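The next block holds one structure in the form of structure tokens; read it before the comments.
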Amino acid sequence: MTPKLQQRLAALRAQGHEVGLHGSIGTATDAQRLAQERHILAQATQGLRFHYLRWEPRNTPAWIEKAGFQYDATLGFAEHFGFRNSYCHPFYPFNFGTGTAHDFLEIPLNVMDATLHHPNYLQLGAHEILPALTPLFAEIEKFGGVASVLWHNENFDPANTTTGPRQFHEIMRQLSQRGAAFLTGHEISRHYPA
Numbered sequence: 000m001t002p003k004l005q006q007r008l009a010a011l012r013a014q015g016h017e018v019g020l021h022g023s024i025g026t027a028t029d030a031q032r033l034a035q036e037r038h039i040l041a042q043a044t045q046g047l048r049f050h051y052l053r054w055e056p057r058n059t060p061a062w063i064e065k066a067g068f069q070y071d072a073t074l075g076f077a078e079h080f081g082f083r084n085s086y087c088h089p090f091y092p093f094n095f096g097t098g099t100a101h102d103f104l105e106i107p108l109n110v111m112d113a114t115l116h117h118p119n120y121l122q123l124g125a126h127e128i129l130p131a132l133t134p135l136f137a138e139i140e141k142f143g144g145v146a147s148v149l150w151h152n153e154n155f156d157p158a159n160t161t162t163g164p165r166q167f168h169e170i171m172r173q174l175s176q177r178g179a180a181f182l183t184g185h186e187i188s189r190h191y192p193a
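Heads up, the sequence shown is in numbering that gives the first Met the number 0, so the first residue is 0 and it goes up one at a time.
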């Protein structure tokens, strides 16, 4: 974490943006590394999503809780869009060790840009993306749930005509037309108190 990067993050926070941790490869299975990364970003970092959507169910939730995150947004599929937990609302994951809920909120991931076109996944064309996602958004709307969309920064390059800014804007336009509220993870967590 260079001083220049720290300044950039501080500027983003000062503008009202939320800065979360994108846990590096291996942190979902290494509590010490996760705690170290959390410590580096400590100032006001409340949210987490693990790289490659990694999650080890026997240990990862306890480590998220121990590291002090308010919410996690990892639980989704890389292979397809939808409901990994069969549920469109954020929830407090069950702690099998204590028989109670964990102290952090899980905000399920419904759609990831790489899922839509990557050669290992769905390989949808640009014109197929919105029609494929429309039933998902209708289901979320039906139950008053949360639509969580992950769009990687490199896909905002206008040269990307398949999962680029145009497709992102089409998705956001549809969500807006459906009356969606656009919230940060922290704002969502305030609507689902423990």
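The C-beta atom is built at its ideal place from N, Cα and C for all residues, glycine as well.
Only a predicted model underlies this, so the values are computations on that prediction, with no experimental measurement involved.
Measure the CB-CB distance between residue i and residue j and report whether it falls below 8 Å.
{"i": "residue 71", "j": "residue 47", "result": "yes"}
{"i": "residue 35", "j": "residue 19", "result": "no"}
{"i": "residue 78", "j": "residue 114", "result": "yes"}
{"i": "residue 17", "j": "residue 183", "result": "yes"}
{"i": "residue 179", "j": "residue 146", "result": "yes"}
{"i": "residue 112", "j": "residue 168", "result": "no"}
Give the C-beta separation of residue i and residue j to the nearest angstrom, bearing in mind that I take them to be a contact with Cβ-Cβ under 8 Å.
{"i": "residue 148", "j": "residue 128", "result": "Actually they are not in contact, since the Cβ atoms of residue 148 and residue 128 sit about 11 Å apart, beyond 8 Å."}
{"i": "residue 132", "j": "residue 80", "result": "6 Å"}
{"i": "residue 135", "j": "residue 109", "result": "6 Å"}
{"i": "residue 69", "j": "residue 185", "result": "7 Å"}
{"i": "residue 84", "j": "residue 56", "result": "That belief does not hold up - the Cβ atoms of residue 84 and residue 56 are roughly 11 Å apart, past 8 Å."}
For residue i, which residues in the same chain have their Cβ closer than 6 Å to its Cβ, ignoring the five residues on either side in sequence?
{"i": "residue 23", "result": "50"}
{"i": "residue 191", "result": "89, 104"}
{"i": "residue 142", "result": "87"}
{"i": "residue 194", "result": "Lying before the first or after the last residue shown, residue 194 is absent from the chain, which here runs from 0 to 193."}
{"i": "residue 53", "result": "27"}
Would you give the residue range spanned by the beta strand (DSSP E) that residue i belongs to?
{"i": "residue 80", "result": "Careful: residue 80 lies outside any beta strand (DSSP E) and carries neither H nor E."}
{"i": "residue 48", "result": "46-49"}
{"i": "residue 20", "result": "20-22"}
Is it the case that the CB of residue i approaches a heavy atom of the ligand ZN more closely than 7 Å?
{"i": "residue 2", "result": "This structure does not include the ligand ZN; it has no bound ligands of any sort."}
Please return the same chain residues whose Cβ sits closer than 7 Å to the Cβ of residue i, not counting the five positions on each side in sequence.
{"i": "residue 140", "result": "177"}
{"i": "residue 174", "result": "136, 146"}
{"i": "residue 202", "result": "This structure gives no information on residue 202, because the portion of the chain shown stretches from 0 to 193."}
{"i": "residue 188", "result": "69, 70, 104"}
{"i": "residue 166", "result": "125, 128"}
Along the chain, where does the alpha helix (DSSP H) that runs through residue i open and close?
{"i": "residue 184", "result": "184-190"}
{"i": "residue 28", "result": "Note, residue 28: premise wrong, no alpha helix (DSSP H); not H, not E."}
{"i": "residue 132", "result": "125-141"}
{"i": "residue 116", "result": "112-116"}
{"i": "residue 60", "result": "59-66"}
{"i": "residue 7", "result": "2-13"}
{"i": "residue 164", "result": "164-176"}
Among residues of its own chain, excluding the 5 on either side of residue i, which ones have a beta-carbon nearer than 8 Å to its beta-carbon?
{"i": "residue 164", "result": "154, 155, 156, 157"}
### Message
If contact is defined by three or more beta carbon pairs under 8 Å, each pair taking one atom from either stretch, is the region 99-107 in contact with the region 59-72?
### Response
yes
### Task
For the region 112-131 and the region 84-99, state whether three or more C-beta atom pairs, one from each stretch, are separated by less than 8 Å.
no
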